[in-house]
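So this note's numbering is basically just the index in the sequence shown, starting at one, shifted up by 48.
Every residue, glycine too, gets a C-beta built ideally from N, C-alpha and C.
Worksheet: one structure, shown below.
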Amino acid sequence: MNRLDQVVDRRGTNSVKLTHMKKHFGREDVIPMWVADMDFECSDAMKAAAHMVADWNLYGYADRESDYFEAVQSWLDRRFGWKVKPEWIAHAPGCVTAISIAIHEFTNEGDGIIIQEPVYYPFHMQVEMNNRKLLNNVLIEKDGFYEMDFDDLRAKAKEAKMMIFCSPHNPVGRVWTAEELMKVQTICLEEGVLMVSDEIHFDLVRPGLTHTIAATLSEEFANNTITLTAPSKSFNMAGQQISNIIISNPELMKRYESQRETMGIHKPNNLGIQLAKAAYNDSEDWLDEVVAYIFDNFTFVKNFVDERLPGVQFHIPEGTYLGWLDFKAWKFSDAKLQDFVYNKAKVGINPGYKFGKGGSGYMRINVATSRETVQKALEQIEAAYQEMEE
Ligand SMILES: Cc1ncc(COP(=O)(O)O)c(C=O)c1O
Numbered sequence: 049m050n051r052l053d054q055v056v057d058r059r060g061t062n063s064v065k066l067t068h069m070k071k072h073f074g075r076e077d078v079i080p081m082w083v084a085d086m087d088f089e090c091s092d093a094m095k096a097a098a099h100m101v102a103d104w105n106l107y108g109y110a111d112r113e114s115d116y117f118e119a120v121q122s123w124l125d126r127r128f129g130w131k132v133k134p135e136w137i138a139h140a141p142g143c144v145t146a147i148s149i150a151i152h153e154f155t156n157e158g159d160g161i162i163i164q165e166p167v168y169y170p171f172h173m174q175v176e177m178n179n180r181k182l183l184n185n186v187l188i189e190k191d192g193f194y195e196m197d198f199d200d201l202r203a204k205a206k207e208a209k210m211m212i213f214c215s216p217h218n219p220v221g222r223v224w225t226a227e228e229l230m231k232v233q234t235i236c237l238e239e240g241v242l243m244v245s246d247e248i249h250f251d252l253v254r255p256g257l258t259h260t261i262a263a264t265l266s267e268e269f270a271n272n273t274i275t276l277t278a279p280s281k282s283f284n285m286a287g288q289q290i291s292n293i294i295i296s297n298p299e300l301m302k303r304y305e306s307q308r309e310t311m312g313i314h315k316p317n318n319l320g321i322q323l324a325k326a327a328y329n330d331s332e333d334w335l336d337e338v339v340a341y342i343f344d345n346f347t348f349v350k351n352f353v354d355e356r357l358p359g360v361q362f363h364i365p366e367g368t369y370l371g372w373l374d375f376k377a378w379k380f381s382d383a384k385l386q387d388f389v390y391n392k393a394k395v396g397i398n399p400g401y402k403f404g405k406g407g408s409g410y411m412r413i414n415v416a417t418s419r420e421t422v423q424k425a426l427e428q429i430e431a432a433y434q435e436m437e438e
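Pasting the structure below:
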């Protein structure tokens, strides 16, 4: 049996996915497939790194040393052909923190910031909670495939200071082509819009497709881009609070670092550092296996939905482990859809409307889990549907 087929019991591990179920779904008995982490155990190399730290039994301040930078540099070069220098790699505990740092440093209250809904909802929360103006360049959906509206983007860019870009895109699953990235970057550069490119899902790409890092398309673009990367999603270590924020423009880097200090954000924790090194240096096979498994799960979802959930539309995403289920044909209100999924099917997934414009009628499902769990969740949706039809 594939070890990823094992149903990992996360109870008792202080996982948000389980401990916050009542708050999000109003009940404890849903199958949790929401928050974006994996149910898979981490790699053996990461387990060994954690043991090493536990054996030291010392948890004082630590910092990223040259071997840490080498691990990140080597990963970006090996996987994306991106040669970065150590002085380009800033720290943030999370990519959302980096977004907040960038908003504080590079925009003022009232300034326009572009996002592309439906999108990971902390984007609009960061813009609005920091009293910036939300400029929503809504994605265009055609038969389940999403594209950017470049004319609208150009118009919005004229009154924007910053764009928060999601690549690969959560939740619509696009891995943007180099041609699309060229267009976005060109608009941002020509209109004086700083590009904050959130590429946290960059390792989670459908086998056969290639993720292009937006900053790598030209030096001019790189000079206008802050790229958010992390081992967190790829290696299932989001709780360890370590992201790598890549900024090749020294002026932007100086200002980012100064704002980080101003906000009192200091060094990463040692466990995170050691796990990240073990991930990037010694866990590539683990990742490749996991990505293949996830995309097999997506194929399973696709077949199940097409054969057994009438009206529901599903397209296998190009990237991320998040599926975007389209229930629009059922013509339910968002409240009714949510009630159906939580209380009748008892599946804990994210309602699409939360991701903003264009999200109504959808649900987002996290398939970074065992096939058995995916199957059970879909069967529960099917059974609830059949009961409703009777
Ligand atoms: C696009 C995107 N950015 C950022 C995050 C969260 O990142 P962090 O935990 O590093 O703040 C997520 C998590 O799902 C995400 O999907």
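Between the CA atoms of residue j and residue i - distance to the nearest angstrom
i	j	result
Glu228	Leu252	19 Å
Ile188	Leu201	12 Å
Phe193	Asp336	25 Å
Leu323	Asp354	40 Å
Leu183	Phe171	11 Å
Trp334	Ala416	13 Å
Arg180	Lys281	28 Å
Gly409	Leu385	7 Å
Arg419	Phe346	10 Å
Leu426	Gln54	18 Å
Met100	Tyr341	29 Å
Gln121	Ser63	31 Å
Met301	Ala377	48 Å
Phe283	Glu438	44 Å
Boundaries of the beta strand (DSSP E) in which residue i is found, first to last residue
i	result
Leu242	Leu242 to Asp246
Met69	Segment Met69 to Phe73 is the alpha helix (DSSP H) holding Met69; no beta strand (DSSP E) there.
Ile137	Ile137 to Ala140
Met173	From DSSP, Met173 is part of no beta strand (DSSP E) but of the alpha helix (DSSP H) over Pro170 to Met177.
Lys181	Lys181 to Asn184
Met210	Ala208 to Cys214
Tyr109	Taken as a continuous stretch (DSSP letters only), Tyr109 belongs to no beta strand (DSSP E), as it is neither H nor E.
Buried/exposed call for residue i, threshold 16 Cβ in 10 Å
i	result
Arg308	buried
Asn156	exposed
Pro216	buried
Tyr401	buried
Arg59	exposed
Arg126	exposed
Met49	exposed
Glu247	buried
Trp82	buried
Glu195	exposed
Residue range of the unbroken alpha helix (DSSP H) whose run includes residue i
i	result
Arg51	First-last for Arg51: undefined, no H or E at that position.
Gly320	Asn318 to Asp330
Chain C contact for residue i (CB, 8 Å cutoff)
i	result
Ile342	This model lacks chain C altogether; it includes just one protein chain.
Any non-hydrogen atom of ligand 2 within 7 Å of residue i CB
i	result
Asn218	This structure simply doesn't include ligand 2; it includes ligand 1 instead.
Exercise for the section: At 4 residues or longer, and completely inside the stretch 330-417: list those alpha helix (DSSP H) runs for me, N to C. Expected result: For the alpha helix (DSSP H) assignment, the uninterrupted runs of no fewer than 4 residues enclosed by the stretch 330-417 are, from N- to C-terminal side, 332-356 and 382-387.
Handout entry: Inside the stretch 272-325 only - beta strand (DSSP E) runs reaching at least 3 residues
Key = Complete beta strand (DSSP E) runs here, min 3: 273-277 and 291-294.
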